[in-house]
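**Student:** In this note's numbering, the protein residues as written are 1 to 309. Don't be surprised by glycine CBs; every beta carbon is placed ideally from N, CA and C. These numbers come from a predicted model, not from an experiment.
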Ligand code: PBG
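Take a look at the structure:
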């Protein structure tokens with residue numbers, strides 16, 4: 001009666017990893033309970049998610065190492081894994097939104113989100129590549145594009161290209177405040193880029209010491225045409241979620257990233273606490289901070305818990 005916030009399946013976005021092949025599922029070693037799935041299995045999961053009331057999936061590819069190149073060109077192959085998975089979900093007429101990440105890291109031989117010239121990430125050349133990637137993803141039927149690369153000016157460039165190509169209703173969820181974080185470790189294992197990554201992402205992702213910079217990043221992305229924004233990681237950055245949502249009044253999403261997921265699941269496995277309880281408490285904390293929704297690998301389990309109780 002006195003609860004100020006509620007958590008419901010409609011708050012959850014489920015990130016899943018797509019794998020080549022048919023009828024294939026393989027566990028992600030660093031994320032107990034999470035599997036990579038082939039496209040047919042993704043369709044099954046999409047059906048299950050829709051049944052549970054989860055409004056959207058976020059798809060990430062496990063790209064064959066042979067297809068990873070310096071220029072990340074597999075990102076703009078209209079038949080790449082995430083495009084095929086998106087088309088399969090849409091062809092099956094499943095009532096669920098598809099969110100696709102815009103960034104080059106699952107496709108580059110160096111594991112960076114952008115293009116490299118020598119040791120340096122080149123911003124503007126990267127933005128051109130991201131625009132090409134965005135167009136094939138919109139064409140495949142993605143409902144929401146989620147640029148997670150943190151290049152400057154990419155939201156405006158992507159928005160202009162979408163408009164010019166007639167994709168007027170494709171939405172943009174910008175990873176506006178994305179920190180250079182150790183908590184992404186298990187994700188890089190899941191998409192297979194961990195072994196490739198040279199150096200770190202600190203020249204384009206944010207310094208964990210900063211708040212004002214997050215506010216500037218969010219303001220720019222909204223001005224450039226983002227429909228909604230994201231803060232990432234989640235739980236260690238709920239102060240940022242709260243400040244962004246209160247200041248800008250745009251839908252602000254939090255990402256409970258791979259390391260947060262692994263931390264809770266593994267601590268529970270070690271007997272520290274009950275996994276479901278800790279996870280639901282963490283997810284509620286996002287809502288309390290003002291998140292419009294949460295990206296979480298626990299989405300199907302959480303939705304089941306919420307609908308059963
Ligand atoms: C890459 C991307 C990352 C995540 C989502 N998109 C990793 C990174 O920036 O290295 C992390 C998600 C997670 O850790 O769950 N553009």
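Using 8 Å as the threshold, is the C-beta distance between residue 55 and residue 97 below it?
**Tutor:** Against the chain shown, residue 55 aligns to sequence position 55. Against the chain shown, residue 97 aligns to sequence position 97. Yes, the pair counts as a contact, with Cβ atoms nearer than the cut-off.
**Student:** According to DSSP, is residue 178 helix, strand or coil?
**Tutor:** In the chain shown, residue 178 corresponds to position 178, counting from 1. In this structure, residue 178 counts as strand in the three-state DSSP scheme.
**Student:** Under DSSP, the alpha helix (DSSP H) around residue 261 begins and ends at which residues?
**Tutor:** By 1-based counting over the chain shown, the position of residue 261 is 261. Counting along the chain, the alpha helix (DSSP H) containing residue 261 begins and ends at 258-269.
**Student:** Please tell me whether residue 159 and residue 53 are closer than 8 Å, where the distance is taken between their beta carbons.
**Tutor:** For the purposes of this step, residue 159 is taken as the residue at position 159 of the chain shown. For the purposes of this step, residue 53 is taken as the residue at position 53 of the chain shown. Their beta carbons are not under 8 Å apart, which means residue 159 does not touch residue 53 by this criterion.
**Student:** Taking the alpha carbon of residue 177 as the point to measure from, which residue in 210, 110, 25 has its own alpha carbon closest?
**Tutor:** Position 177 of the chain shown, counted from the start, is the residue given in the question as residue 177. The shortest Cα separation from residue 177 among 210, 110, 25 belongs to 210.
**Student:** Please determine whether the Cβ atom of residue 257 lies at a distance below 7 Å from any heavy atom of the ligand PBG.
**Tutor:** Within the chain shown, numbered from 1, the residue matching residue 257 stands at position 257. Yes, the Cβ of residue 257 comes within 7 Å of a heavy atom of the ligand PBG.
**Student:** In angstroms, rounded to a whole number, what distance separates the CA positions of residue 139 and residue 269?
**Tutor:** For the purposes of this step, residue 139 is identified with residue 139 of the chain shown, where counting begins at 1. For the purposes of this step, residue 269 is identified with residue 269 of the chain shown, where counting begins at 1. Answer to the nearest angstrom: the Cα atoms are 42 Å apart.
**Student:** Just to confirm, does residue 237 get its C-beta within under 7 Å of one of the non-hydrogen atoms of the ligand PBG?
**Tutor:** Locating residue 237 in the chain shown gives position 237, counting from the first residue. Because no heavy atom of the ligand PBG lies under 7 Å away, the Cβ of residue 237 does not count as near it: no.
**Student:** Taking the straight line between their C-alpha atoms, what separation do you get for residue 21 and residue 276?
**Tutor:** Within the chain shown, numbered from 1, the residue matching residue 21 stands at position 21. Within the chain shown, numbered from 1, the residue matching residue 276 stands at position 276. Taking the straight line joining both Cα atoms gives about 32 Å.
**Student:** Near residue 39, which residues of its chain fall below 6 Å by C-beta distance, leaving aside the five closest residues on each side in sequence?
**Tutor:** Mapped onto the chain shown, residue 39 falls at position 39. Around residue 39: 84, 85, 88.
**Student:** Per DSSP, which residues does residue 255 bridge with? Please list them.
**Tutor:** Residue numbering aside, residue 255 sits at position 255 when the chain shown is read from its first letter. Per DSSP, 295.
**Student:** Decide if residue 315 is buried, meaning its Cβ has at least 16 other Cβ atoms within 10 Å, or exposed.
**Tutor:** Outside the shown range of the chain (1 to 309) lies residue 315, about which nothing can therefore be said.
**Student:** Comparing alpha-carbon positions, which option in 284, 170, 161, 198 lies nearest residue 108?
**Tutor:** Working through the chain shown from its first residue, we reach residue 108 at position 108. Nearest C-alpha to residue 108: 198.
**Student:** With distances taken Cα to Cα, identify the nearest neighbour of residue 90 among 111, 173, 137.
**Tutor:** Against the chain shown, residue 90 aligns to sequence position 90. When each option's Cα is compared against that of residue 90, the closest is 137.
**Student:** Taking the beta carbon of residue 26 as the centre, do at least 16 other beta carbons fall within 10 Å, making it buried, or is it exposed?
**Tutor:** As a working mapping, residue 26 is identified with position 26 in the chain shown. Residue 26 comes out exposed.
**Student:** I need the boundaries of the alpha helix (DSSP H) containing residue 156, first residue and last residue.
**Tutor:** Start at 1 with the first residue of the chain shown, and residue 156 comes out as number 156. Run containing residue 156: 154-164, per the alpha helix (DSSP H) assignment.
**Student:** Buried or exposed for residue 101, please, with buried defined as at least 16 other CB atoms from any protein chain shown within 10 angstroms of its CB.
**Tutor:** As a working mapping, residue 101 is identified with position 101 in the chain shown. Classification of residue 101: buried, given that the 10 Å Cβ count is 16 or more.
**Student:** Where do the ends of the alpha helix (DSSP H) carrying residue 281 lie?
**Tutor:** Taking the first residue of the chain shown as 1, we reach residue 281 at position 281. Note, residue 281: alpha helix (DSSP H), 275-289.
**Student:** Is any heavy atom of the ligand PBG found at a distance shorter than 7 Å from the C-beta of residue 312?
**Tutor:** What is shown of the chain runs 1 to 309, which leaves residue 312 out entirely.
**Student:** Within its chain, find whatever has a CB closer than 6 Å to the CB of residue 5; leave out the 5 residues flanking it on each side and keep chain order.
**Tutor:** What you label residue 5 is simply residue 5 of the chain shown in a count that begins at 1. These residues qualify, in order along the chain: 287, 288.
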